[in-house]
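Asker:
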Amino acid sequence: MDDTQHGAAERAKFREMKEGTAEDWAIIGGEYMAFAKGLPDRVLDHLKLLDGDFGGFPVDRLEHSLQTATRAHRDGRDERYVVMALLHDIGDTLGSYNHPEVAASIIKPFVSEEVHWICQNHGAFQGYYYFHFLGMDQNAREKFRGHEHFEACREFCEKYDQAAFDPDYDSESLEFFEPMVRRVMARPLASMYAKALAKE
Ligand SMILES: [Fe+2]
Ligand SMILES: [Fe+2]
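Residue numbers for the sequence shown follow the UniProt record's numbering, beginning at 1 and rising by one.
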């Protein structure tokens, strides 16, 4: 993506979108395909920002992510679930006050509604293990009681997320999970852009 490459590339002619033509959008559409294919690389690069970020925890955020994913994988979870487990805290950097929603948005086109829900709401369920130490409501998750995915989210936190702070656990490496991320993110299950992507 260096400047020379970009300078040579064809560009749309409009100054306002309402002047756009089919020709313009053929150019942009072609660029979008290539850009979308780079998503797994950008996600993996961003995940690496968690390396060395301990925040006071016994393991850094990258190890916590790898450990959560490894535990889910060894417990027989499918690939989409494991990728969610790997990425569930990727929003810590840019979504420091709402990190579950960042990860949930990134994985949403590639996972089931249940797996998305687990990711989006894991913060309140994780709170069961520590909110009371911070003067918060340990039972914050109770507001979701009765929801069809309550048990699935409780289970994710109990078995994998809250359990993934062991410095002595033999987690798989990021390289181990890379092919899974690439396969899961190769094509969206659902996206408002799916029709354009399908033309490819
Ligand atoms: Fe989290
Ligand atoms: Fe976590």
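Ideal placement from N, C-alpha and C gives every residue a C-beta, glycine not left out.
1. Note down, in chain order, each residue of its chain lying with its Cβ closer than 6 Å to the Cβ of L47, except the 5 sequence neighbours on either side.
2. Mind reading off the beta-carbon distance from G127 to R145? Whole number of angstroms is fine, and I expect it under 8 Å.
3. With H, G and I counted as helix, E and B as strand and the rest as coil, what does DSSP make of A190?
4. Taking Cβ positions, are V82 and A103 nearer each other than 8 Å?
5. Can you tell me whether N98 is buried or exposed? The criterion is at least 16 other CB atoms within 10 Å of its CB, across all chains shown.
6. Measure the Cβ-Cβ separation of R80 and S112 and say whether it is below 8 Å.
7. Any heavy atom of ligand 1 within a distance shorter than 7 Å of the CB on C116?
8. Output the distance between the C-alpha atoms of M17 and E23, rounded to the nearest integer angstrom.
Answerer: Looking at the atomic coordinates:
1. The residue you call residue 47 lines up with position 47 of the sequence shown. Non-local beta-carbon contacts of L47 in its own chain, meaning distances under 6 Å to residues more than five positions away in sequence, involve I90 in chain order.
2. The sequence position of residue 127 within the sequence shown is 127, counting from 1. The sequence position of residue 145 within the sequence shown is 145, counting from 1. The Cβ separation is near 14 Å, so there is no contact.
3. Position 190 of the sequence shown, counted from the start, is the residue given in the question as residue 190. Three-state DSSP puts A190 in coil, outside helix and strand.
4. Position 82 of the sequence shown, counted from the first residue, corresponds to residue 82. Position 103 of the sequence shown, counted from the first residue, corresponds to residue 103. It is not a contact, given that the beta carbons lie outside the stated cut-off.
5. On the sequence shown, residue 98 is found 98 positions in, with the first residue counted as 1. N98 is exposed by the Cβ-count criterion.
6. The residue given as residue 80 occupies position 80 in the sequence shown. The residue given as residue 112 occupies position 112 in the sequence shown. Yes, these two residues count as a Cβ contact at 8 Å.
7. Within the sequence shown, residue 116 is the residue found at index 116, counting from 1. One point to set straight first is that residue 116 is His, not Cys, in the sequence displayed. H116 Cβ: outside cutoff for every heavy atom of ligand 1.
8. In the sequence shown, counting from the first residue as 1, residue 17 sits at position 17. In the sequence shown, counting from the first residue as 1, residue 23 sits at position 23. The C-alpha of M17 lies about 13 Å from the C-alpha of E23.
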